[in-house]
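So the sequences go chain by chain: A and B.
Note that our numbering numbers the first sequence so that position 351 is 365, with each residue one more than the last.
Note that our numbering numbers the second sequence so that position 43 is 47, with each residue one more than the last.
Report on the following structure.
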Amino acid sequence: MVQYPSIDWLAISPLVILLGGTLLVLVVGALTKVWPRGLYAVSTAALSAAALVVEMVLWNRVGHEGPVSIINDALAIDRFTLFVWIGVTIATGLVSLSTADYLRREDLEGPETYTMYVCAAIGAMIMAASNDMVVLFLGLETLSIALYVLAASHRRRVDSQESGLKYFVLGGFASAFFLYGIALVYGAVGTTNIARAGQLLSQQVFVDGDDALLLAGVALLMVGLAFKVAAVPFHFWTPDVYQGAPTPSTSFMASVGKFAAFAAMLRVLTTALGARADDWRPVVWVLAVASVVVGSVLAVVQSDVKRMLAYSSIGHAGFILIGVEAAGHAGDQDGIPSSLLYLLLYSVLVIGTFTVVTLVTRSGDRASDIGSFRGLGKERPLLALAMTVFLLAQAGMPVTSGFIAKFSVIKAAADNESYAVAIIAMVASVVSAFLYLRIMISMWMSDAESGDEAREKVAVPWTAGVVVLASVVFTLVAGVFPGWLIDATRDALVVVR
Amino acid sequence: MSLFAASSPAVPFPVLTALVLVPLIGAVLTAIGSRHRPEITKLVALVSSVVTAGMSLWLLAEFDSHEGGFQLVSKHSWIDSWGIGWHLGVDGISLFLVVLTGVLFPLVIVGCDPHHDEKPYLAWLLLLEAGVMGSFLSLDLVLFFLFFEIVLVPMYFLIGGWGYDQRVYAATKFFLYTMVGSALMLVGIVTTALLARDDLGRLTFDLVEIAEGSNFAASTGRWLFFAFAIAFAVKVPLFPLHTWLPDAHTQAPTAGSVILAGVLLKLGTYGLLRFGVYLFPEAAVWSREVFLTLAVIGIIWGAIAATMQSDLKRLVAYSSVAHLGFIVLGTFAFTSEAISGGVMQMVNHGVSTGALFLLVGMIYERRHTRQISELKGLQKVAPIFAAAFMVVMLSSIGVPGLNGFVGEFLVLIGSFSTARWWVVIGATGVILAALYLLWAYQRVFHGEPDEANSSFRELRLREGAVLFPFIALIVFCGVYPKPMLDRIEPSVKSLLERVEEKTDFVVPVSDHSGHGEEGEG
């Protein structure tokens, strides 16, 4: 007789709410006429809010009862998981709202995009919670496939189709690497369970290269994860996909996609392979340095804002990798919290940024050249001001969340005496500041050119306005009063082991 | 040593916090004010800057001149998890810089018109004031960094939005140059606090706690000092990191130049004293010859470059490089007179160069050129204007009886015992200053005015009213510097005691105690 595992329904209720809700929206949406303005988006945002409430309840429960491993140790419900869940849910709600008017503007209105967001978010949440590498792979594929579709979802833009295909082909490769990595690690350790693998590896002593299988597996896992987080040298898809994908989808990839991939990376590296940190830490070091340097330098020479932001997201991934590197040092208490903090702050920032970009690219989603920002300071001063806040935050200016994010990873690095990587990253961030300045110059200081008059005016629908406002407020509040966030990320250190 | 002894009983008015918050609130109010009622916006900006100025003067009165430590301290917890606190305090070194900041901003708001978009201009200006105030008052490393860095943003927009032809280039250069320095400083700050944690038992970014409680190994201290010093050397600017300055100054609107020269550059020299010498005395003594040499090169280089400029504003900008060289020379001479002179020179330079930039701005308003070759014989058509320019210029040269002399003289005489050969070379900078400024004055004001210059307008009442406080300060500080020195010296002495205690450097005892310079020459 088959033994069914007992299921902690409350613990997985955020996933259930999101899945059930979005299927309902999809089915009802398919059977009814097009819903009035923004209702798909608002209902998706409401779903996220409902999931968020349950996540908060769970956060409390885990605080009282400690982390648990559920469904036959397939999922780990700890504060690490919940922090990522909360981040992903908030990001999903914000991106959904910012998509509302985009779809109408591009004449793509319908519930499908939102369902894709939610499916991707569920994948992301499974990745973050997975306590088993096979479950992790399931989450990864759920996320990835939804993202491929999202990238290609602008049906009339060839760029979008192209970006979807590129992402699909390269992403397929990365998934294959990852899967093969799981197989090899299983071969070496004898389990796919992450916590169990961690226990086994901490007891096992390898002699004379009989850990080759394990190391090969770790290497392949790293390739798969580094591809998903867009770390150099696995970043080549990023600029093309970010540029070609519909702008709201880009913002979804840059926030939720990164969040999930880093969560998975952190869990696999620190929990399963924590005993082998000396093996993977140098690799992460190289990835981090390469990412901050290449990301910043190549961002500066772009002329397309979406490409710039794609490269800058590579640079930010490098910063987060610094936190991951710090987490690989023995007894470190700062690496995981700083990475999580950076992820959350950056996600909100990048959503705000891309929401403004969505508005500025105007009908057709084509005007992403830096020149399209020309005169925005005159035409839409508040929008330009919000963008300025986002850009300054990305540059790491104090009083914004970006500073807190940078500060936390630099502190984590310095605490583990990784001064070189801290200095390289800070200098690279100055280089990338030039790119943010270029956008600000275009908005505020460039003289109008002929033909500017004929351009379509930048419209600010209320849904996008809400997203921008919420992001600005969060960016500034988190920049001035980050204490509660820092404490929350510290709680995430207690994970299922 | 109790640092909080000076804080008065009951609950004193948190004047230092107010000095930061009032301009900040003013900036926000200005920014959200209606575009259609510019007079209200201007009034709000003016009132908040005047209130700040009033509070800074009140601070001057409240200040206990016999106390060398930090006074009127305001300390609150802020980001506890990282040991970052809201810790403000003032001592003799920062006191006059705070007052200068407070006084300069309302004058600039009254004295300089932005020509367009007054609302954001005023908002940025007030935000700048809050940032500068915060930088001078912070006694927490991260808090200081926060203000030090945030200052860049309003200045960037002021130069880029209201500057001249090359404004975008100059603004970007200014921003990136300064940011490179502060990038290293951030790593330095974090590392300092983390290393001090071993001595202190807990993580804190509090400047006083770290300075009192920590003991860095010499080599560690040197690296950390280096990380801080680079940031400040860019800001000062010290040769060879000065190349952003002429561009930023020349392209900035008049208000920007006045503030940049008046207070922003002092963030560098102030930072060297407060965070360089105070935190890392051993490293500061160890590296003093490098700084002395760079300072002297700056003095000579700045002077020679100034001599060769054809643009009046650029000339003043290069003269700043030379003047700031004197301050650094004084700082790293490590005698009481030299450092006090340096601190005084920070204020004096702010007053006289600020006024020079105002005057050059007025010339540009009238003639729409800053080229020396296109100006001629202004003395004939505008004698009062010329007289004002003359006084300010003489103060900048360092003529006895005016403020510039006191600072420079103290720096030179104080440095002679510990940095003799540097002083010998540096002193020629005084002569060169006379050369380039007098020559410029001669070309611009002497001679017969040609057609374009004959309609040069005389000084207006409002302009005169703005210039008057500058000239009054120039004369007052030149004739009677004692009250100022009395307040600066105790803090400088306690700083030097710290240097002596932590290193084997011996500060020479001299009978020059800062009195009676006013008649010498």
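Where a beta carbon is used, it is the ideal one built from N, C-alpha and C, also for glycine.
On a predicted model such as this, the values are computed, not experimentally measured, just so you know.
The straight-line gap separating the alpha-carbon atoms of isoleucine 44/B and phenylalanine 178/B is approximately 32 angstroms. The alpha-carbon of alanine 321/B is positioned some 40 angstroms away from that of isoleucine 328/A.
Under the three-state reduction of DSSP output, glutamine 349/B falls in the helix class.
In the structure shown, leucine 396/A falls within a helical segment according to DSSP collapsed to helix, strand and coil.
Contact between the stretch 242-249 of chain A and the stretch 197-209 of chain A is absent: fewer than three C-beta pairs spanning the two stretches fall below 8 angstroms. With the rule of 3 Cβ pairs closer than 8 angstroms, the stretch 209-221 of chain B does not count as touching the stretch 244-260 of chain B. With a threshold of 8 angstroms between beta carbons, leucine 235/A makes no contact with chain B. Here DSSP, grouped into helix, strand and coil, assigns serine 81/B to strand. Where valine 82/A is concerned, the enclosing beta strand (DSSP E) starts and stops at 82-84. With fewer than 16 other beta carbons inside 10 angstroms of its own, methionine 312/B counts as exposed. Taking the Cα of leucine 507/A as reference, the smallest distance to any Cα among Pro81/A, Gly107/A, Val30/A, Ala407/A is reached at Pro81/A. Counting only residues of its own chain and dropping the five nearest sequence neighbours on each side, isoleucine 214/B has a CB closer than 6 angstroms to the CB of Ala200. Glycine 329/A is outside the set of residues whose beta carbon lies under 8 angstroms from a beta carbon in chain B. Taking 3 residues as the minimum length, the stretch 89-137 of chain B contains no beta strand (DSSP E) run wholly inside it. Contact between serine 326/A and serine 432/A fails: their C-beta atoms lie close to 22 angstroms from each other, not under 8 angstroms. Comparing C-alpha distances from valine 510/B to each of Ala175/B, Ala423/B, Ser459/B shows the shortest one belongs to Ala423/B. C-alpha of leucine 373/A to C-alpha of glutamate 467/B: approximately 46 angstroms in a straight line. Here the stretch 229-236 of chain A does not lie against the stretch 313-325 of chain A, with fewer than 3 beta-carbon pairs under 8 angstroms apart. For serine 142/B, the beta-bridge partners assigned by DSSP are Leu92/B. Under the Cβ distance rule, valine 172/B counts among the residues neighbouring chain A, one pair being separated by less than 8 angstroms. The closest CA to that of threonine 285/A, considering only Val39/A, Arg511/A, Thr36/A, is found on Arg511/A.
A straight-line Cα-Cα distance of about 19 angstroms links methionine 236/A and glycine 204/A. The beta carbon of threonine 129/A sits closer than 8 angstroms to the beta carbons of Thr36, Leu37, Val39, Leu40 from its chain, once the five residues preceding and following it are set aside; these are given in chain order. By the criterion of a C-beta distance shorter than 6 angstroms, glutamate 176/A is surrounded in its chain by Gly258, once the five residues flanking it on both sides are discounted. The beta carbon of valine 308/A sits closer than 6 angstroms to those of Val246, all from its chain and outside the five residues before and after it, given in chain order. Chain A places no beta carbon closer than 8 angstroms to that of methionine 159/B, leaving this residue out of the contacts. With fewer than 16 other beta carbons inside 10 angstroms of its own, tryptophan 476/A counts as exposed.
If you ignore the 5 residues before and after aspartate 318/A, its C-beta comes within less than 8 angstroms of the C-beta of Gln257, Ser382, Asp383, Ile384, all in its own chain and listed in chain order. Cβ proximity to chain A below 7 angstroms picks out Thr176, Phe179, Leu180, Met183, Val184, Ala187, Leu188, Leu190, Val191, Val194, Thr195, Leu198 from the stretch 174-206 of chain B. Leucine 99/B places its beta carbon 8 angstroms or farther from that of arginine 502/B. With contacts defined as CB atoms closer than 8 angstroms, leucine 382/B and proline 453/B qualify as a contacting pair. The Cβ of aspartate 429/A sits closer than 8 angstroms to at least one Cβ of chain B. Contact annotation for isoleucine 437/A against chain B: Ala187, Leu188, Val191, Ala231 [CB-CB distance below 9 angstroms, chain order]. Taking CB atoms only, alanine 447/A has a neighbour in chain B less than 8 angstroms away.
The beta carbon of tryptophan 443/B sits closer than 8 angstroms to the beta carbons of Thr311 from its chain, once the five residues preceding and following it are set aside; these are given in chain order.
Around the beta carbon of valine 183/A, fewer than 16 other beta carbons sit within 10 angstroms, so the residue counts as exposed.
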